[in-house]
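Here is the structure we will look at, set down as structure tokens.
Protein chains in written order, with my numbering: chain G, 79 to 512; chain L, 7 to 544.
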């Protein structure tokens with residue numbers, strides 16, 4: 079093994095989606111040294127909204143305004159659900175810690191309260207969510223009060239029609255108007271991409287020209303909504319300039335992935351974990367993972383790093399996600415865990431994986447497949463015992479949840495990362511909360 | 007309730023598949039006035055759920071020589087008169103180790119006696135030209151198989167018929183026949199869109215409703231013996247062969263892979279079913295196709311599939327025969343005269359390849375009864391190219407988009423390169439026919455939803471486009487997205503593993519996780535203070 083780089087850490091986090099980022103962040107906040115392996119590509123598909131829990135039980139499509147009341151109900155009825163196994167006090171602490179880190183990286187969220195918020199989507203549905211970026215919160219306020227409101231879109235931004243949103247909501251929100259404008263400097267470009275517009279709005283001149291085009295349209299509107307293109311890293315500055323220039327609250331509506339809020343979230347999380355001292359291996363993947371004989375350390379052989387790398391870790395957190403994240407892989411007959419071949423709780427046959435109706439209220443059984451864990455978040459082997467005393471699993475790879483139907487994706491990632499890292503710290507006897 | 011309005015015509019055609027539309031064209035070319043009623047849309051049944059093979063006839067040479075010769079003759083005609091709907095790819099018949107060597111040895115002579123060209127191809131040469139073929143291949147013959155786009159064929163046939171005065175009534179279901187002596191005096195037709203009923207008085211009525219022919223004939227109290235055979239096909243993510251690749255053996259499961267533009271289509275199965283409701287591909291059928299076809303094309307064991315679909319073949323004959331493949335795949339024309347009717351005909355069974363001939367035979371009967379002496383022209387008259395029907399062809403919209411180079415013409419579908427102008431043209435054509443086009447109608451007439459995302463992205467963009475043009479109002483768009491995407495989903499769940507499962511998960515994250523489409527109409531139960539559901543609800 080000459081020439082292979084060797085490094086060691088307290089905890090190796092495999093995965094860089096929401097759960098992996100949260101786990102890495104919480105680990106270093108507790109004074110544990112951390113190497114994080116994997117790219118954050120999945121976060122690109124995020125909307126920027128941080129769901130906690132909105133729907134329970136999914137089969138009854140019951141929406142909750144308080145995520146914490148919903149968590150109470152969930153804990154009573156589905157004690158296996160990963161979110162039911164995290165104490166609410168830990169969930170609050172985890173979210174506070176997470177949004178504080180994001181704010182320090184330039185991505186501010188509205189203060190988290192007891193209640194979910196309702197926000198518009200780009201197809202005119204209303205999404206129930208929990209953590210709302212400050213650039214979107216005026217939309218939730220306007221929707222609550224059905225305030226007189228103007229939606230503006232840009233010709234060429236294909237998946238976003240202000241007309242569609244206003245028409246879809248017309249009978250419930252009659253005071254919603256819509257206008258389409260040409261984006262300054264892009265008048266002859268047929269297809270606009272949100273990320274290009276977001277970059278362009280970071281220049282003062284384009285921003286001022288855009289504001290000048292919208293200003294005469296505002297009229298008696300109490301708020302103005304736009305597709306989420308108000309800057310990338312400097313979204314706070316761009317958003318503030320729009321509010322100052324238009325004289326009313328301005329809000330963004332998330333667009334289809336990959337979206338600008340997803341890029342912002344990815345950028346802020348990367349900045350946050352790096353500034354906390356997480357050593358990131360974002361091009362790497364784990365080729366092999368072995369434990370030493372005393373079960374004290376794990377050795378991770380990485381590929382995708384020039385010359386290779388061997389990481390020795392005292393604990394490992396698996397946050398590799400589901401199928402699109404590559405944490406789980408399915409062939410025609412069976413679902414496997416990709417790195418260690420851990421047993422995956424799953425339906426008996428592929429016939430049972432999916433319902434014939436895409437929107438079947440009870441959801442697809444495959445989405446509840448995943449890893450089963452013990453009370454310390456350690457994945458279980460076939461004999462029902464932890465696969466390794468210091469291997470932990472967090473996020474969407476966990477069984478007994480359907481985050482897409484429950485609207486609990488971010489909550490699942492953040493809460494289980496918090497709870498698992500607490501266990502890691504406990505087991506490593508680290509200087510906790512350092 | 008007002009009495010239903012009355013429409014009169016010479017011939018009423020029931021069923022808008024390949025046969026019904028070919029019949030409308032045939033009659034229109036002979037100067038006969040006709041109306042075609044279709045309960046759903048063009049090619050909604052087996053006409054749109056087959057593998058798109060223009061048979062050389064070689065598949066049937068051993069078992070059904072008559073069908074083989076019919077296919078050969080009709081294939082040659084369609085290649086001449088409807089070339090725009092055909093990709094003349096040629097086809098291979100491939101035998102692998104373990105296949106019946108006697109059948110292999112006899113195959114060239116079987117083909118010769120049916121007049122079908124079958125040229126032996128050196129295995130190494132064949133594998134060089136079609137690398138997907140197994141290394142365990144022992145014999146290859148080349149035959150004049152081709153690929154045909156049944157949607158374009160039907161759409162263009164109907165377009166020409168309409169230009170000659172024929173009328174198409176989509177989403178119109180026959181609900182009853184009014185008999186008077188030996189005649190059907192009128193047919194009652196319910197418009198499924200508006201819920202209104204009309205009476206159509208026609209001198210002649212032709213039941214060309216494919217698998218539904220038994221139900222329709224029963225309504226007229228003129229039963230016919232027919233059974234149903236369900237066939238399932240799988241669509242690959244990319245095209246795996248240039249040519250049609252057939253298994254060189256007697257007809258069986260999973261013995262063909264068709265080129266379908268940018269994809270390949272693998273099938274089929276044959277399962278007797280008793281009902282036409284709820285026909286969908288199953289995981290068991292998908293596995294059977296993958297495992298069996300992989301013996302001839304090993305790459306199928308690991309390839310990515312994006313979709314499956316199932317159609318029902320109308321088969322003539324009794325329900326007694328155990329194997330659906332033993333029942334004739336030929337067609338039949340019933341004149342119903344021995345059942346006491348002089349102005350009803352039923353044309354059913356048959357194959358995509360023989361649809362023109364089936365229409366000709368039905369039209370001959372109808373014209374004889376009407377006293378019309380003009381001959382059939384469809385074997386010699388080229389099918390005109392209709393610009394609004396070209397959008398089903400893979401690559402066509404991309405070429406048009408690049409050629410026209412209009413700065414305001416944005417791509418709505420990036421997998422299949424469908425621009426807004428294509429959607430506009432299809433919408434306008436349907437509007438001008440008096441229809442209210444849906445997203446599903448546009449999908450049938452274009453490549454929207456046919457790529458890897460299976461509509462997950464492009465359906466949303468197309469709806470936004472239609473709102474922006476003012477074509478969609480109020481909440482209509484969400485329902486259209488659900489209908490369209492839901493329909494695409496029904497074709498996906500049987501092939502969701504590997505990469506396509508990851509893709510499906512992303513689509514669910516978008517449509518459920520972000521948009522919450524499954525919450526449409528949801529009511530808050532446990533948290534009565536919530537008003538979010540009020541905003542979401544329908």
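Just so it is clear, CB atoms sit at the ideal spot from N, CA and C, and this is done for glycine as well.
Inset, instruction - Leaving aside the five residues before and after residue 375(G) along the sequence, list all residues of the same chain whose C-beta is less than 7 Å from its C-beta, in chain order. - result: 390, 391, 392
Legend entry - is_contact[residue 95(G), chain L] using C-beta, thresh 8 Å: no
Inset, instruction - Could you please give the first and the last residue of the uninterrupted beta strand (DSSP E) stretch that includes residue 198(G)? - result: 195 to 198
Inset, instruction - Please report how far the alpha carbon of residue 404(L) lies from the alpha carbon of residue 521(L), in whole angstroms. - result: 30 Å
Legend entry - Test item: CB-CB of residue 424(L) and residue 454(L) under 8 Å: yes
Legend entry - Burial state of residue 328(L) (16 or more Cβ within 10 Å): Confidence at residue 328(L) is low in this model, with a pLDDT of 42, below 50, so its placement is unreliable and the value that follows should be read with caution. So residue 328(L) counts as exposed.
Legend entry - Cut-off 6 Å between Cβ atoms - residues of its own chain near residue 163(L), not counting five sequence neighbours on either side: 27, 28, 31
Inset, instruction - For the stretch 331 to 344 of chain G, enumerate the residues whose C-beta is nearer than 8 Å to any C-beta of chain L, in chain order. - result: 332, 334, 335
Inset, instruction - Find the nearest neighbour of residue 450(G) within the set 372(G), 424(G), 189(G), judged by alpha-carbon distance. - result: For residue 450(G), the nearest C-alpha among the options comes from 424(G).
Legend entry - Inter-residue Cα distance where the pair is residue 169(L) and residue 224(G): 51 Å
Inset, instruction - Could you pull out every unbroken alpha helix (DSSP H) segment of at least 4 residues lying fully inside the stretch 329 to 411 of chain L, listed in chain order? - result: 361 to 376, 402 to 410
Legend entry - residue 179(L) to residue 268(L) span [Cα, whole Å]: 35 Å
Legend entry - C-beta atoms of residue 227(G) and residue 285(G) nearer than 8 Å: no
Legend entry - Span separating the alpha-carbon of residue 276(L) from that of residue 236(L): 5 Å
Inset, instruction - Just the C-alpha distance for residue 238(L) and residue 261(L), rounded to the nearest angstrom, thanks. - result: 12 Å
Inset, instruction - Buried or exposed for residue 361(G), please, with buried defined as at least 16 other CB atoms from any protein chain shown within 10 angstroms of its CB. - result: exposed
Inset, instruction - Alpha carbon to alpha carbon, how far is residue 283(G) from residue 311(G)? Give it in angstroms, no decimals. - result: 17 Å
Inset, instruction - Pull up the distance between the alpha-carbon of residue 447(G) and that of residue 383(G), whole angstroms please. - result: Distance between the alpha carbons of residue 447(G) and residue 383(G) is about 32 Å.
Legend entry - Supposed close pair residue 293(G), residue 324(G) - CB separation, criterion 8 Å: 6 Å
Inset, instruction - Verify the CB distance criterion: does residue 416(L) have a CB-CB separation below 8 Å to chain G? - result: yes
Legend entry - Any C-beta of chain L under 8 Å from that of residue 268(G): By this cut-off, residue 268(G) is an interface position.
Legend entry - Cα-Cα separation, residue 507(G) to residue 163(G): Approximately 22 Å between the Cα atoms of the pair.
Legend entry - Cutoff 8 Å: residue 353(G) Cβ touching any chain L Cβ: By this cut-off, residue 353(G) is not an interface position.
Legend entry - Minimum C-alpha distance to residue 394(G) - residue among 505(G), 229(G), 131(G): 505(G)
Legend entry - Length of the line joining the Cα atoms of residue 114(L) and residue 52(L): When the Cα atoms are used, residue 114(L) and residue 52(L) turn out to be separated by approximately 31 Å.
Inset, instruction - Kindly say whether residue 432(G), judged by its beta-carbon, lies nearer than 8 Å to any beta-carbon of chain L. - result: yes
Legend entry - Under 7 Å by beta carbon: chain L residues contacting residue 241(G): 473, 474
Legend entry - Candidates 511(L), 445(L), 439(L), 476(L): closest to residue 458(L) by CA position: 511(L)
Inset, instruction - Could you tell me if residue 12(L) is buried or exposed, where buried requires 16 or more neighbouring beta carbons within 10 angstroms of its beta carbon? - result: Burial call: exposed.
Inset, instruction - Consider the Cβ of residue 285(L): report whether some Cβ of chain G lies at a distance smaller than 8 Å. - result: no
Legend entry - Endpoints, alpha helix (DSSP H) assigned at residue 143(L): Counting along the chain, residue 143(L) falls outside any alpha helix (DSSP H), though it belongs to the beta strand (DSSP E) covering 143 to 149.
Inset, instruction - Count the other CB atoms, across all protein chains shown, that sit within 10 Å of the CB of residue 221(L); report buried if there are 16 or more and exposed otherwise. - result: When all chains shown are included, residue 221(L) counts as exposed.
Legend entry - Assigned secondary structure, residue 186(L) (DSSP; H/G/I helix, E/B strand, else coil): strand
Inset, instruction - Could you confirm whether any beta carbon from chain G is found closer than 8 Å to the beta carbon of residue 487(L)? - result: Chain G places a beta carbon closer than 8 Å to that of residue 487(L), counting this residue as a contact.
Inset, instruction - Could you spell out where the alpha helix (DSSP H) holding residue 265(L) opens and where it closes? - result: Segment 262 to 266 is the beta strand (DSSP E) holding residue 265(L); no alpha helix (DSSP H) there.
Inset, instruction - Please state if the CB of residue 25(L) and the CB of residue 268(G) are separated by a distance shorter than 8 Å. - result: For residue 268(G) and residue 25(L), no; Cβs fall outside 8 Å.
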